[in-house]
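Notes follow the structure.
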Amino acid sequence: DQQVKQNSPSLSVQEGRISILNCDYTNSMFDYFLWYKKYPAEGPTFLISISSIKDKNEDGRFTVFLNKSAKHLSLHIVPSQPGDSAVYFCAASEGNQFYFGTGTSLTVIP
Amino acid sequence: EPEVTQTPSHQVTQMGQEVILRCVPISNHLYFYWYRQILGQKVEFLVSFYNNEISEKSEIFDDQFSVERPDGSNFTLKIRSTKLEDSAMYFCLSSDYYNRNSGNTIYFGEGSWLTVV
Chain H
31 DQQVKQNSPS LSVQEGRISI LNCDYTNSMF DYFLWYKKYP AEGPTFLISI SSIKDKNEDG
91 RFTVFLNKSA KHLSLHIVPS QPGDSAVYFC AASEGNQFYF GTGTSLTVIP
Chain E
113 EPEVTQTPSH QVTQMGQEVI LRCVPISNHL YFYWYRQILG QKVEFLVSFY NNEISEKSEI
173 FDDQFSVERP DGSNFTLKIR STKLEDSAMY FCLSSDYYNR NSGNTIYFGE GSWLTVV
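Chains H and E, in that order, give the protein sequences. Residues 31 to 140, numbered by the numbering used here, are exactly what the first sequence covers, in order. Residues 113 to 229, numbered by the numbering used here, are exactly what the second sequence covers, in order.
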């Protein structure tokens, strides 16, 4: 049973516009959430995280929003750049166990 | 930036052969994991390791799989008799669980592609 879901397998956005990647989860005990970016044939790299005590965390062009009542997490990238084209995974943790979404492939069109 | 290193980056093996995937996690981390991703499918949890023993494992992690940290640095995943369906990218993760509120807590290795033929 998938505890972390990314329902959009792909997303295309024009360069300079906002990219919004979504993630839903089912376990209300998750208390820490992370976003990772993955290029082909490479391991995922960390982007940004958020604790369940917050509803927003910002780092440069990347902002993560957490809506605990909706059990929904989103990543905003503004402005989007061609180098942002990659697969984005969200992850949620309860204790030291992590659960990953299936990923959303973002394509930023120049 | 700390790194988790994995070897080999790619291995092709015949069905039924034993495979050992190696990982060097980050030295001051305490939690280590193996995950895998079959091409086109979701990332799947295999096993977590803490204090030199398995803390959790998934249904995938059956008797054909084992992990150990033989020398305090390397963290290995052994598949005793590989099956075709074991073909996947295997990721080693290293976690700084107790500093989780300071930002990133999970560091991924580059992955080891295993192809079973």
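Note that the Cβ used here is the ideal one computed from N, Cα and C, for glycine as well. Because the structure is a prediction, the values reported are computed rather than measured.
On a Cα-Cα basis, can you pick out the residue from the options that is closest to residue i?
| i | options | result |
| --- | --- | --- |
| residue 138 of chain E | E:172, E:229, E:185 and E:199 | E:185 |
| residue 136 of chain H | H:128, H:121 and H:110 | H:110 |
| residue 158 of chain E | E:222, E:200 and E:113 | E:200 |
| residue 229 of chain E | E:166, E:223, E:118 and E:131 | E:131 |
| residue 61 of chain H | H:115, H:106, H:96 and H:77 | H:96 |
| residue 124 of chain H | E:194, E:148, E:120 and E:168 | E:168 |
| residue 193 of chain E | E:142, E:180, E:173 and E:147 | E:173 |
Who does residue i pair with in a DSSP beta bridge?
| i | result |
| --- | --- |
| residue 116 of chain H | H:136 |
| residue 179 of chain E | E:189 |
| residue 123 of chain E | E:226 |
| residue 37 of chain H | In the DSSP output, where bridge partners are listed per residue, residue 37 of chain H has none listed. |
| residue 171 of chain E | In the DSSP output, where bridge partners are listed per residue, residue 171 of chain E has none listed. |
| residue 134 of chain E | E:119 and E:188 |
| residue 163 of chain E | According to DSSP, which records beta bridges pairwise, residue 163 of chain E is partnered with nothing at all. |
| residue 124 of chain H | H:127 |
Grouping DSSP H, G and I as helix and E and B as strand, with all else coil, what is residue i?
| i | result |
| --- | --- |
| residue 61 of chain H | coil |
| residue 72 of chain H | coil |
| residue 88 of chain H | strand |
| residue 198 of chain E | helix |
| residue 47 of chain H | coil |
| residue 102 of chain H | strand |
Taking residue i as the query, report the chain E residues whose CB atoms sit under 7 Å from its CB, ordered along the chain.
| i | result |
| --- | --- |
| residue 140 of chain H | The contacting residues do not exist; residue 140 of chain H stays about 27 Å from chain E at best. |
| residue 95 of chain H | Those do not exist, as residue 95 of chain H stays about 17 Å from chain E at its closest Cβ, beyond 7 Å. |
Can you list the residues of chain E that residue i reaches, using a CB-CB cut of under 8 Å?
| i | result |
| --- | --- |
| residue 74 of chain H | 203 and 220 |
Under 8 Å between beta-carbons, which chain H residues line up against residue i? List them in chain order, please.
| i | result |
| --- | --- |
| residue 168 of chain E | 127 |
| residue 160 of chain E | 126 and 127 |
So residue i contacts chain H; which residues on that side make the cut at Cβ distance below 7 Å?
| i | result |
| --- | --- |
| residue 207 of chain E | 126 |
Relative to the ligand ATP, is the shortest distance from any of its heavy atoms to the C-beta of residue i smaller than 7 Å?
| i | result |
| --- | --- |
| residue 125 of chain H | Here there are no bound small molecules, and the ligand ATP is not part of this structure. |
- Query: Closer than 9 Å, Cβ to any Cβ of chain E: which residues of the stretch 114-135 of chain H, in chain order?
  - Reply: Flagged, chain order: 119, 121, 123, 125, 126, 127, 128, 129, 130, 131, 132 and 133.
- Message: Please list, in chain order, the residues of the stretch 57-72 of chain H that have any C-beta partner in chain E closer than 7 Å.
- Response: Result list: 62, 64 and 72.
- Task: May I ask you to list, following chain order, the residues of the stretch 127-148 of chain E that have a beta carbon less than 7 Å from some beta carbon of chain H?
- Result: Close to chain H, meaning a Cβ-Cβ distance shorter than 7 Å, are the following residues of the stretch 127-148 of chain E: 143.
- Can you give me, in chain order, the residues of the stretch 170-194 of chain E that have a beta carbon less than 8 Å from any beta carbon in chain H? Flagged: no residues at all.
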